[in-house]
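Numbering (full-length UniProt numbering), first residue to last: 1 to 222.
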C-alpha cells in the first residue's frame, strides 16, 4: 500500500479504494491468519524504479495496491494487484476463506504441459466434445516462487479463478509453461518459437491461419 496522511488516507486512490474490501475479506479468513500492511513510501519514492520494493527479490512489485500470500523462506504466491484487490471472489481465494461468498467452484479440469510436443499431441486428439482452453504462462523464479514474467504473475490468479468459476464442469484448460526463465524464453531456439510448433501439421493450425488471413467482418448498415 502507499503511505497515508495523518487522517489515514492513502495518496494512491487505488489503495484507498481497496482498503475496505481487503479488510472485509480478511475478517472471513481462517482463524490464525495474519495480514501485514507494508507501505511503500511517498509518491516520489514509489515512482523511482530503483526503489527497494520494485527491485528486492522478496517483493518485485510493479503495482500498488498488491496483495500476496507469503509462504515462508522468501517465497510468495497468489498475487493480486490494483483493481483486482477489490474483487470479493478473488480476495476470498487469496485468504483461503472456507465458505467463499462466490460459492463452490465448478469441477472443470486443468492439465499442465511443458513442451510443444505435449501440446500438439493433445490437440491432435481433440474432438470438440468439450470446451478447451490454452493458457501459456512463464515458469517460476527459484528465489521467490513467483513467475518471472510480471504480466503472467499478475494475471495468474485472476485467469484461473474465473476459469474455475465460469467454465462448465466438462471444460479442460491446458496450462503450458513456455520457459523456466526469462533467458530461456528470449532464446530464438525456444521450442515454442520454432516452426515445428507454429506451423504444425494439424487441422487446428489451418483453421487459425485461415482466421487470421480473412478480412475482419464489419457491421452492415441497416
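Beta carbons: idealized from backbone N, C-alpha and C, even for Gly.
Beta strand (DSSP E) containing residue i: first to last residue?
i, result
"residue 136", "132-137"
Could you tell me which residues DSSP pairs with residue i in its beta bridges?
i, result
"residue 175", "112 and 135"
"residue 1", "Answer is none; residue 1 lacks a bridge partner."
"residue 223", "With the chain covering 1 to 222 only, the question about residue 223 has no answer from this structure."
"residue 10", "4"
"residue 140", "147"
Determine, using beta carbons only, whether residue i comes closer than 8 Å to chain B.
i, result
"residue 177", "No chain B appears in this structure, which consists of one protein chain only."
From which residue to which residue does the alpha helix (DSSP H) around residue i run?
i, result
"residue 160", "150-166"
Suppose the cutoff is 6 Å on Cβ atoms and the five residues either side in sequence are ignored; what does the same chain contact list for residue i look like?
i, result
"residue 241", "The structure shown does not extend to residue 241, since the chain spans only 1 to 222, so no value can be given for it."
"residue 149", "138"
"residue 141", "148"
"residue 154", "81"
"residue 46", "40"
"residue 18", "65, 85 and 86"
Taking 7 Å as the limit between beta carbons, can you name the residues of its chain near residue i, skipping five residues before and five after?
i, result
"residue 191", "115, 116 and 197"
"residue 134", "174 and 176"
Just checking my contact of residue i with residue j at CB under 8 Å: how many whole Å lie between their CB atoms?
i, j, result
"residue 65", "residue 3", "Residue 65 to residue 3, Cβ: 12 Å. No contact."
"residue 67", "residue 22", "6 Å"
"residue 169", "residue 106", "5 Å"
Report all residues from its chain with a CB closer than 8 Å to the CB of residue i; omit the five preceding and five following residues, and keep chain order.
i, result
"residue 172", "108, 109, 110, 111, 130, 131, 132 and 133"
"residue 77", "68, 69, 71, 145 and 146"
Segments assigned alpha helix (DSSP H), at least 4 residues, entirely inside the stretch 13-100 = 13-26, 43-47, 52-55 and 88-94
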